[in-house]
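Reading through the C-alpha cells given below for one structure.
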Amino acid sequence: MPLYRDEAIVLRTHKLGEADRIITMLTRTRGRVRAVAKGVRRTKSRFGSRLEPGMVVDVQCYEGRNLDTVTQVETLAPYGDAIARDYTAYTCATSMLETALQLTEEHEPQTQQYLLLAGALRSLADRAHDPGLVLDAYLLRSLAVAGWAPSFVDCARCGANGPHRAFNVQSGGAVCSVCRPPGSSAPAPETFELLASLLAGDWEVADASDERHRRQGNGMVAAFLQWHIERGLRSLRLVERA
12 MPLYRDEAIV LRTHKLGEAD RIITMLTRTR GRVRAVAKGV RRTKSRFGSR
62 LEPGMVVDVQ CYEGRNLDTV TQVETLAPYG DAIARDYTAY TCATSMLETA
112 LQLTEEHEPQ TQQYLLLAGA LRSLADRAHD PGLVLDAYLL RSLAVAGWAP
162 SFVDCARCGA NGPHRAFNVQ SGGAVCSVCR PPGSSAPAPE TFELLASLLA
212 GDWEVADASD ERHRRQGNGM VAAFLQWHIE RGLRSLRLVE RA
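Numbered according to the numbering used here, the sequence shown spans residues 12 to 253.
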C-alpha cells in the first residue's frame with residue numbers, strides 16, 4: 012500500500028466501530044479523500060482533536076482499496092477552536108465545509124478549492140470581516156471555481172453591458188430588460204454592488220455595505236448555490252445573520 016502525505020482540511024467525520032472514525036478531508040493536491048483514523052475516539056488517542064471539522068492539518072496516510080488509513084497528523088492551523096467560540100462564525104464555517112463537500116469529487120485534485128476554503132476559515136478565525144460576508148464571499152468564489160460564476164453587472168444571457176436591475180438564478184445572475192424571464196427578482200443596485208465586491212474580493216466596499224443589502228444579498232447567494240448543487244444546504248439554515 013503506497014504511503015502519501017499532504018495538507019488537508021477536515022470536512023466531516025463519522026463514527027466507525029467502537030473507537031474509530033471515518034475522516035473526510037479536502038487535500039491540497041489529491042482532492043477529497045476518506046480515511047480511517049483508528050482509535051481516535053479513545054481518551055489516549057495520539058490524534059486527539061486534530062481531526063475535527065475545520066482543522067487544517069499535515070496528514071500522512073496509507074492508500075487503501077476503499078478507504079485510506081491515517082498514520083500521522085500534525086496541526087497546521089487550529090482554526091476549529093477559534094471559530095467554535097462564536098456561534099455565527101461556527102455555523103458559517105459548517106456551511107463552508109458542507110459546500111466544499113458538495114463541490115468536490117473524490118481523488119480529483121482541487122487545489123483552488125482547497126486554498127479558497129483555507130483562506131475563508133482563516134478569515135473567520137481572525138475575525139477579519141463579518142462572518143456572513145466571509146461566508147457569502149466563499150460561496151460565490153467556490154461556485155466560480157466550479158464553473159458557475161454568477162454575473163452581477165452584465166447580462167448573464169446576452170452579455171449586454173450593465174448594470175441591470177433584474178436577477179434570475181436559472182439564467183446565471185443579472186439579466187437585462189430584454190432577457191429578463193418571468194419570476195426574476197429586482198434587488199437594490201447596492202445589493203448588486205455588494206455581491207460583485209464579494210466575488211472580486213473588494214473588502215473595502217463589502218465592509219462598508221448596509222445590513223439590509225447584506226440580508227438581500229445572502230438570500231440571493233443561497234438561492235444561486237442551491238440551484239446549482241441541486242439540493243438544499245442543511246447547515247445554511249442554521250446560520251445566524253445579524
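Each residue gets a CB set at the ideal place from its N, CA and C atoms; glycine is no exception.
Can you grab the Cα-Cα spacing for the pair residue i / residue j, in whole Å?
{"i": "ARG152", "j": "THR80", "result": "32 Å"}
{"i": "ARG53", "j": "GLY183", "result": "48 Å"}
{"i": "ARG39", "j": "GLN123", "result": "8 Å"}
{"i": "HIS140", "j": "LEU206", "result": "15 Å"}
{"i": "LEU210", "j": "GLU204", "result": "10 Å"}
{"i": "VAL265", "j": "ARG96", "result": "With the chain running from 12 to 253 in the structure shown, residue 265 is simply not present."}
{"i": "GLU63", "j": "CYS166", "result": "42 Å"}
{"i": "GLY230", "j": "LEU78", "result": "37 Å"}
{"i": "VAL180", "j": "ALA234", "result": "7 Å"}
{"i": "HIS239", "j": "ARG223", "result": "25 Å"}
{"i": "PHE178", "j": "SER106", "result": "24 Å"}
{"i": "ARG57", "j": "VAL232", "result": "40 Å"}
{"i": "MET149", "j": "PRO192", "result": "In the sequence as presented, Met is not what sits at residue 149; that position holds Tyr. Rounded to the nearest angstrom, the two C-alpha atoms are 27 Å apart."}
{"i": "TRP159", "j": "ASP17", "result": "28 Å"}
{"i": "ALA30", "j": "LEU37", "result": "23 Å"}
{"i": "ARG32", "j": "ARG245", "result": "22 Å"}
{"i": "GLY28", "j": "ASP218", "result": "46 Å"}
{"i": "ALA93", "j": "GLY194", "result": "42 Å"}
{"i": "ARG168", "j": "ARG226", "result": "26 Å"}
{"i": "SER196", "j": "CYS187", "result": "12 Å"}
{"i": "SER220", "j": "SER208", "result": "10 Å"}
{"i": "THR35", "j": "GLU215", "result": "35 Å"}
{"i": "LYS26", "j": "ARG61", "result": "16 Å"}
{"i": "VAL68", "j": "GLY243", "result": "29 Å"}
{"i": "LEU247", "j": "LYS55", "result": "34 Å"}
Candidates the options: which alpha carbon is nearest residue i's?
{"i": "VAL8", "options": "VAL44, ARG45 and GLY59", "result": "Residue 8 lies beyond the range of the chain shown here (12 to 253); nothing can be said about it."}
{"i": "VAL156", "options": "ALA111, VAL21, LEU135 and ILE20", "result": "ALA111"}
{"i": "LEU14", "options": "ARG76, HIS175 and ASP141", "result": "ARG76"}
{"i": "GLY42", "options": "SER220, LEU22, ARG32 and PRO200", "result": "LEU22"}
{"i": "ARG133", "options": "PRO161, GLU109, ASN172 and ALA100", "result": "ALA100"}
{"i": "ASN172", "options": "ALA160, VAL189 and GLY28", "result": "VAL189"}
{"i": "GLY228", "options": "VAL145, VAL68 and LEU27", "result": "VAL145"}
{"i": "GLU201", "options": "LEU108, GLU241 and VAL164", "result": "VAL164"}
{"i": "GLY170", "options": "ARG176, ALA185 and GLY158", "result": "ALA185"}
{"i": "GLY130", "options": "GLU215, VAL250 and GLY65", "result": "GLY65"}
{"i": "PRO198", "options": "HIS175, GLY212 and LEU236", "result": "HIS175"}
{"i": "ALA19", "options": "ARG32, PRO120 and LEU27", "result": "PRO120"}
{"i": "VAL259", "options": "ASP147, GLU29, ARG61 and ALA219", "result": "The structure shown does not extend to residue 259, since the chain is modelled only from 12 to 253, so the question has no answer here."}
{"i": "GLY241", "options": "SER208, LEU154 and VAL68", "result": "Checking the sequence shown, residue 241 turns out to be Glu, not Gly. Of the candidates SER208, LEU154 and VAL68, the one whose C-alpha sits nearest the C-alpha of GLU241 is LEU154."}
{"i": "TYR98", "options": "SER208, TYR125, LEU127 and ALA136", "result": "ALA136"}
{"i": "ARG138", "options": "PRO161, LEU127 and ALA104", "result": "ALA104"}
{"i": "GLY212", "options": "THR82, THR24 and LEU127", "result": "LEU127"}
{"i": "LEU236", "options": "THR102, PRO161 and THR35", "result": "PRO161"}
{"i": "PRO142", "options": "THR82, ARG248 and THR102", "result": "THR102"}
By the DSSP assignment, the alpha helix (DSSP H) with residue i in it spans what residues?
{"i": "GLU109", "result": "98–114"}
{"i": "ASP221", "result": "Looking at the DSSP string, ASP221 is not in any alpha helix (DSSP H), and its letter there is neither H nor E."}
{"i": "LEU132", "result": "122–137"}
Tell me where the beta strand (DSSP E) around residue i begins and ends.
{"i": "GLU241", "result": "Premise fails: GLU241 is in no beta strand (DSSP E) and is neither H nor E."}
{"i": "GLU18", "result": "14–27"}
Note to self: Could you check whether the region 115–128 touches the region 87–102, counting it as contact only if at least three pairs of C-beta atoms, one from each stretch, sit closer than 8 Å?
What the structure shows: no
Next item on the list: Inspect the CB distances between the region 37–50 and the region 66–83 and report whether three or more fall short of 8 Å.
Entry: yes
Check: Of all the beta strand (DSSP E) runs that stay within the bounds of the region 142–219, which reach a length of 3 or more residues?
Finding: 177–179 and 184–186
Check: Whole beta strand (DSSP E) runs in the region 31–102 with 3 or more residues, listed along the chain?
Finding: 31–38, 42–48, 67–73 and 79–88
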